[in-house]
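Colleague: Can you read through this structure? Questions will come right after.
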Amino acid sequence: MGFFEKIKNGLARTRENMSASWNSMVADFTGENEEFFDELEETLIMADAGVDAAERAVMRLRSYVSEHGIRGGEQVKAAMCEILAESIGCEDNALHLDTHPSVILVVGVNGVGKTTTIGKLACSMSAGGKKVLLCAGDTFRAAAAEQLTVWAQRAGCDIVRHEEGSDPAAVVFDSLAAARARGVDVVIVDTAGRLHNKQNLMNELTKIRRVIDREMLGCSVECLMVLDATTGQNGLMQAKQFADAAQLTGIVLTKLDGTAKGGVVFAIKRELGVPVKYIGVGEGADDLLPFDAHDFAEALLA
Numbered sequence: 011m012g013f014f015e016k017i018k019n020g021l022a023r024t025r026e027n028m029s030a031s032w033n034s035m036v037a038d039f040t041g042e043n044e045e046f047f048d049e050l051e052e053t054l055i056m057a058d059a060g061v062d063a064a065e066r067a068v069m070r071l072r073s074y075v076s077e078h079g080i081r082g083g084e085q086v087k088a089a090m091c092e093i094l095a096e097s098i099g100c101e102d103n104a105l106h107l108d109t110h111p112s113v114i115l116v117v118g119v120n121g122v123g124k125t126t127t128i129g130k131l132a133c134s135m136s137a138g139g140k141k142v143l144l145c146a147g148d149t150f151r152a153a154a155a156e157q158l159t160v161w162a163q164r165a166g167c168d169i170v171r172h173e174e175g176s177d178p179a180a181v182v183f184d185s186l187a188a189a190r191a192r193g194v195d196v197v198i199v200d201t202a203g204r205l206h207n208k209q210n211l212m213n214e215l216t217k218i219r220r221v222i223d224r225e226m227l228g229c230s231v232e233c234l235m236v237l238d239a240t241t242g243q244n245g246l247m248q249a250k251q252f253a254d255a256a257q258l259t260g261i262v263l264t265k266l267d268g269t270a271k272g273g274v275v276f277a278i279k280r281e282l283g284v285p286v287k288y289i290g291v292g293e294g295a296d297d298l299l300p301f302d303a304h305d306f307a308e309a310l311l312a
């Protein structure tokens, strides 16, 4: 299956939720029917794009239609695709891992697919010729290290782990030392998603980040937060809590294939100003895809 087809299939539930009203609106569009814009805004909100993002996108489309005298449905569809892509942000969404070693710190609450995302990243990078080391920094969740070890074996990469209940920052410290000694290209760090209270979790992440910044001075560091797309707008509240503690550089949006709320991508960019760098559209190791704003918008409106 092609790259675009995977994105399109992954967005099937969101697109189906939008398609009946969207197709009807496009078919009836004349450039002068005000109901079109009201219905479009409502459709985007129902897809969990968020009120602000939906209002802004529709306002831009309204201006574009007026300025260019658009009357046909295909023209308005193409214009909407461009506007949605630009609203997500067309900047470089790639990971920046320019040093050897580089670090990817992965954060997020339990249950969002954090460990699976790490495993998929490790498989992809190993297949691309990079030497990867996994750091089992979640020492609080039972069997977290075992789950990560299975992914390390699948990806053919090393893993550093301590006993359950160990200091996560110590595991990170040892992982970074091992990476330097073994000539590793990328260290991917798993972290806990829940301690006995939220403040302790944030303090632990801040401590881990300090260890990375101190031990890897001058090295490339990506901090990715994994969000479950099925939680929609609720995931934004989680992201805001993690942003300061971990210095987020990007979002990985998982389980897009299981939700009709794929429009949350637009709300993420609007509310957080942090790019979506990967999307998960299935269970397979190759179903974690680099995010492309134009492909996403086009698949959503296909």
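Following my numbering, the numbering of the sequence shown begins with 11 at its first residue and continues without gaps. Beta carbons: idealized from backbone N, C-alpha and C, even for Gly. Only a predicted model underlies this, so the values are computations on that prediction, with no experimental measurement involved.
For Thr125, which residues of its own chain have a beta-carbon under 8 Å away from its beta-carbon, when the five flanking residues on both sides are left out?
Modeller: Asp148, Ala154, Gln157, Leu158, Trp161, Asp200
Colleague: Just to confirm, is the Cβ distance from Ala67 to Arg280 under 7 Å?
Modeller: no
Colleague: Return helix, strand or coil for Thr109, following the three-state DSSP convention.
Modeller: coil
Colleague: Here's the rule I'm using: 16 or more other beta-carbon atoms within 10 Å means buried, otherwise exposed. How should Asn244 be labelled?
Modeller: exposed
Colleague: Is it the case that the Cβ atoms of Thr127 and Val262 are separated by a distance below 7 Å?
Modeller: yes
Colleague: Tell me Tyr74's beta-bridge partners as DSSP assigns them.
Modeller: Looking at the DSSP assignment, Tyr74 forms no beta bridge with any residue, so it has no partner.
Colleague: Rounded to a whole number of angstroms, what is the C-alpha to C-alpha distance between Thr40 and Ala89?
Modeller: 14 Å
Colleague: Would you call the segment 72-79 and the segment 53-60 in contact, with 3 or more CB pairs under 8 Å?
Modeller: no
Colleague: When the Cβ atoms of the segment 232-240 are set against those of the segment 177-193, are three or more pairs found closer than 8 Å?
Modeller: no
Colleague: Would you decide whether Met35 is buried or exposed? Buried here means 16 or more other CB atoms lie within 10 Å of its CB.
Modeller: buried
Colleague: Roughly how many angstroms lie between the CA atoms of Ile278 and Phe46, to the nearest whole one?
Modeller: 25 Å
Colleague: Between Ile98 and Val275, how many whole angstroms is the CB-CB distance? I'm expecting something under 8 Å.
Modeller: 6 Å
Colleague: For Leu227, which three-state DSSP category applies?
Modeller: coil
Colleague: Give me whichever residues DSSP pairs with Asp168 in a beta bridge.
Modeller: Leu143
Colleague: Spatial neighbours of Lys87 within its chain, please: C-beta separation below 7 Å, excluding the five flanking residues on both sides.
Modeller: Annotation for Lys87: Val36, Leu311 place their beta carbon closer than 7 Å to its own, counting only its chain and skipping 5 residues before and after.
Colleague: Smallest Cα separation from Leu298: which of Met28, Leu21, Leu131, Glu65?
Modeller: Leu131
Colleague: So what does DSSP say about Ile80, is it helix, strand or coil?
Modeller: coil
Colleague: Quick check: what's the CA-CA separation for Leu215 versus Ala188?
Modeller: 21 Å
Colleague: Rounding to the nearest angstrom, what Cα-Cα distance links Phe252 and Thr259 in this structure?
Modeller: About 11 Å.
Colleague: Keeping to the same chain, check which residues put their C-beta closer than 6 Å to that of Val194; ignore five residues upstream and five downstream.
Modeller: Contacts found: Pro111, Lys141, Leu143.
Colleague: Between which residues of its own chain and Gln248 is the CB-CB distance below 6 Å, once the five residues before and five after are set aside?
Modeller: Around Gln248, the same chain offers Val119 as residues with beta carbons nearer than 6 Å, after the five sequence neighbours per side are excluded.
Colleague: By how many angstroms is the C-alpha of Glu52 removed from the C-alpha of Met28?
Modeller: 10 Å
Colleague: What's the C-alpha gap between Ser31 and Leu234?
Modeller: 35 Å
Colleague: Taking Ser73 as the reference, which of Pro285, Gly20, Ile93, Glu84 has the closest Cα?
Modeller: Ile93
Colleague: Under a three-way DSSP split, which group does Pro300 fall into?
Modeller: strand
Colleague: Taking Thr126 as part of the beta strand (DSSP E), name the residues at either end of that continuous run.
Modeller: No beta strand (DSSP E) contains Thr126, which is instead part of the alpha helix (DSSP H) from 124-137.
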